[in-house]
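S.K.:
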DNA sequence: GCGACAG
DNA sequence: ATCTTGTCGC
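Numbering (the numbering used here), first residue to last: 2 to 208.
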């Protein structure tokens, strides 16, 4: 496990956030495939899982796994540097590139507006939305919006479901999409990706 | 300086 | 995130 150069990582995040976009770069009326990504850990291995769902029916279309060695430890606000390799590897294995990707972590609701969801969206040049289980920065206002440094960057859909702007999708559209995907108190793509990653991890344990 | 801190 | 069985409750 190599220690991360926080100075360089910080600069990378600032560059990434400068390239992130807060408005829709796709036609929301034309979303067909939505992906969910998650990562499970076993020893020194990160197991990335990516699943594609039909946006209309929420049915599973395909799923892929990409495992890699863990390079760095978990350091708050630098989560992406630990997981994104496995996540991107899994997404790239999908036969059909999804129209948008749902990441189970924050996006712009991050000290440098460069959380994992934003990081992945900018790197893959694909619209992304972050959905975290707890708050990292910001505060929820009377209407449910999460404000950070005077900017609305997210929305509290319910306890344990915090929408965080990722890349290429406006907050209003992101809220609309996540409301539609949230079935069991969690976005369906995220739930399936988590199950798949955990399943693969258990399979590796029997070896 | 102190405490908090996505997964 | 991960280490981990049974158990309380709808």
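In this text, a Cβ means the ideal position worked out from N, Cα and C, and glycines have one as well.
Under the assumption that residue 21 contacts residue 119 (Cβ atoms under 8 Å), give the Cβ distance between them as a whole number of angstroms.
M.R.: Going by Cβ atoms, the distance from residue 21 to residue 119 rounds to 5 Å, so yes, they are a contact pair.
S.K.: Is DSSP giving residue 190 helix, strand or coil here?
M.R.: If DSSP states are grouped into helix, strand and coil, residue 190 belongs with the helices.
S.K.: List the DSSP bridge partners of residue 55.
M.R.: BP columns for residue 55 point to 34.
S.K.: Can at least three beta-carbon pairs, one atom from the segment 6-21 and one from the segment 112-131, be found at a separation below 8 Å?
M.R.: The segment 6-21, when compared against the segment 112-131, does touch it at the 8 Å Cβ threshold.
S.K.: With 16 other CB atoms within 10 Å as the buried threshold, where does residue 50 fall?
M.R.: Its Cβ being crowded by 16 or more others within 10 Å, residue 50 is buried.
S.K.: Taking the CB atoms as reference points, tell me whether residue 203 and residue 48 lie closer together than 8 Å.
M.R.: Not a contact, by the Cβ cut-off of 8 Å.
S.K.: For residue 128 and residue 33, I'd like the C-alpha separation in whole angstroms.
M.R.: Taking the straight line joining both Cα atoms gives about 13 Å.
S.K.: Along the chain, where does the alpha helix (DSSP H) that runs through residue 120 open and close?
M.R.: Where residue 120 is concerned, the enclosing alpha helix (DSSP H) stretches over 117-125.
S.K.: Which runs of the beta strand (DSSP E) fall wholly inside the segment 35-105 and span at least 3 residues, in chain order?
M.R.: 46-55, 61-70 and 101-104, all fully within the segment 35-105.
S.K.: Taking its Cβ as the centre, do 16 or more other Cβ atoms sit within 10 Å of residue 30, making it buried, or is it exposed?
M.R.: Exposed is the call here.
S.K.: Using a threshold of 8 Å, state whether the C-beta atoms of residue 83 and residue 92 are closer than that.
M.R.: Cβ atoms of residue 83 and residue 92: not closer than 8 Å.
S.K.: Can you tell which of 122, 80 and 4 has the C-alpha that lies nearest to the C-alpha of residue 99?
M.R.: Nearest C-alpha to residue 99: 122.
S.K.: Suppose contacts are defined by Cβ-Cβ distances below 8 Å. Is residue 194 in contact with residue 37 by that definition?
M.R.: Against a cut-off of 8 Å, the Cβ pair of residue 37 and residue 194 comes out as a contact.
S.K.: Would you mind working out which of 147, 96 and 3 sits nearest residue 64, comparing C-alpha positions?
M.R.: Residue 96 is the option with its Cα nearest to residue 64.
S.K.: Apart from the five residues on each side of it in sequence, which residues of its chain come closer than 7 Å, Cβ to Cβ, to residue 23?
M.R.: Excluding sequence neighbours, residue 23 sits near 166 and 171.
S.K.: Who are the near neighbours of residue 186 in its chain, counting only those whose CB is closer than 8 Å to its CB and skipping five residues on each side?
M.R.: Within the same chain, residue 186 has close Cβ partners 159, 161 and 162.
S.K.: Taking just the CA atoms, how far does residue 28 sit from residue 177?
M.R.: Taking the straight line from one Cα to the other gives about 13 Å.
S.K.: If you draw a straight line from the C-alpha of residue 80 to the C-alpha of residue 117, how long is it?
M.R.: Spanning the two alpha carbons is a distance of roughly 7 Å.
S.K.: Cβ of residue 88 within 8 Å of Cβ of residue 40?
M.R.: Yes; because the gap between Cβ atoms is below 8 Å, this pair is in contact.
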